[in-house]
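Structure first, then comments.
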């Protein structure tokens, strides 16, 4: 599924790198411990997190995530957006909490699963 | 006869991936002296190879350099651990490397340079220093104490990697020697924000990753002399030594 489609369906607000919304998503990962995300997520994943500091961009770049979705309407820090722009990683913000975002994203990506 | 000393118990060197390369030992010492600091503690992320070089660079300047490390616990809480000498720090380092997985990626995280007192690069640290160790918060505090060190919870007011941000609260049964509040907040404002934490000693430090930040905050302590043992007394408010708030 296209990242752009995910963004529309989940009513996400894109904060940077709009030009990179036309990319395929391979799946998702939810986590707020950076060490866990580094160990367990995969390339092409949408990473859903509550973290807003600039280290999330380094992790997303390292793991080649498709995008970062920040939940609870939290505001990404300026350094985070600057770094994400440099790396070409879209940062999207959801008003919903992490549980709802992950639930809806999972249903969207895997409609056949229970 | 005691007096007030300016102590900056948390600063990084170019060994930390997020610190600038200008944070090499002699540069840190020079700026610390210019800023009028009496005591500094060197605390790189999960590492300590540059501490001995900062100590050497400070020789003859009057600046006291305390060996330390900023350890990242399993819960991604940052703790500053400081020691009287390099031996205690070396033991902690062994335990940390034993529990730290991963290799650094310089493009993603930054360069981790070991630089000596003459400004020469000795090598690069290959560990993923930005990572979290497998050591839990409680175990980390016990370990540092068992090695004779002091534990200061880093920047508790910061949402990222601070005790309150990561755990939601300061766990009441953990014997922190002090809680550090960030340069932007300061001790007196922190006391207003966290009245429930009045039982803890508060310090503030620069947490400098850049030379320009070295002077941005320090803690004034009334001590008989600028030493680790005296700082331990001041944090405990013992024998007339104390932290000025």
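Protein chains in written order, with our numbering: chain P, 1 to 114; chain X, 1001 to 1245. From the three backbone atoms N, C-alpha and C, an ideal C-beta is built for every residue, glycine too. A quick note: this is a predicted structure, and the numbers were derived from the prediction, not measured.
- Contact annotation: residue 1038 of chain X and residue 1013 of chain X have beta-carbon atoms that are not nearer than 8 angstroms.
- Of all residues in the segment 1108-1125 of chain X, the ones placed with a Cβ closer than 8 angstroms to any Cβ belonging to chain P are 1108 and 1109, in chain order.
- When the beta-carbon positions are compared, residue 1113 of chain X and residue 1124 of chain X come within less than 8 angstroms of each other.
- Per the Cβ contact rule, the segment 1167-1178 of chain X is in contact with the segment 1141-1148 of chain X (3 or more Cβ pairs under 8 angstroms).
- Rounded to whole angstroms, the Cβ separation of residue 1117 of chain X and residue 1056 of chain X is 4 angstroms, and the two are in contact under 8 angstroms.
- Annotated three-state conformation of residue 1036 of chain X is coil, per DSSP.
- Of the residues P/113, P/66, P/83 and P/51, the one whose Cα lies closest to the Cα of residue 6 of chain P is P/66.
- Taking all protein chains in view, the Cβ of residue 18 of chain P is surrounded by fewer than 16 other Cβ atoms within 10 Å, so the residue is classified as exposed.
- Counting only Cβ-Cβ distances below 7 angstroms, residue 61 of chain P has contacts in chain X at 1108, in chain order.
- In terms of CA proximity to residue 1206 of chain X, X/1032 leads the group X/1024, X/1222, X/1003 and X/1032.
- A Cβ-Cβ contact shorter than 8 angstroms links residue 1081 of chain X with residue 1151 of chain X.
- Close partners of residue 1212 of chain X in chain P (Cβ separation under 8 angstroms) are lacking, with about 16 angstroms as the shortest Cβ gap.
- Under the three-pair Cβ rule at 8 angstroms, the segment 1072-1080 of chain X does not count as touching the segment 1103-1110 of chain X.
- Taking C-alpha positions only, residue 49 of chain P is separated from residue 43 of chain P by approximately 16 angstroms.
- Interface criterion met: the Cβ of residue 34 of chain P is under 8 angstroms from a Cβ in chain X.
- The C-beta separation of residue 1069 of chain X from residue 1047 of chain X comes to about 7 angstroms, placing the pair in contact by the 8 angstroms criterion.
- Excluding five sequence positions before and after residue 73 of chain P, the CB atoms of its chain that fall closer than 7 angstroms to its own CB belong to 93 and 95, given in chain order.
- In summary, residue 1229 of chain X is exposed, with fewer than 16 beta-carbon neighbours lying within 10 Å of its beta-carbon over all protein chains present.
- Here the alpha carbons of residue 1019 of chain X and residue 71 of chain P stand approximately 29 angstroms from one another.
- Across the segment 1146-1178 of chain X, CB contacts with chain P closer than 9 angstroms involve 1158, 1159, 1160, 1161 and 1166, in sequence order along the chain.
- Of all residues in the segment 1180-1194 of chain X, none places a beta-carbon less than 8 angstroms from a beta-carbon of chain P.
- Within chain X, the residues placing a beta-carbon under 7 angstroms from that of residue 53 of chain P are 1160, ordered along the chain.
- The three-state reading of DSSP puts residue 78 of chain P in helix, counting H, G and I together.
- Closer than 8 angstroms to the CB of residue 58 of chain P there is at least one CB belonging to chain X.
- The beta carbon of residue 1105 of chain X falls within 8 angstroms of a beta carbon belonging to chain P, placing the residue at that interface.
- Of the other Cβ atoms in all chains shown, 16 or more fall within 10 Å of the Cβ of residue 1243 of chain X; this residue is therefore buried.
- Around the C-beta of residue 1157 of chain X, 16 or more other C-beta atoms lie within 10 Å, and the residue is accordingly described as buried.
- Chain-order list of chain P residues neighbouring residue 1132 of chain X: 33, 34 and 35, by C-beta distance under 8 angstroms.
- For residue 1020 of chain X, the closest Cβ of chain P is not nearer than 8 angstroms.
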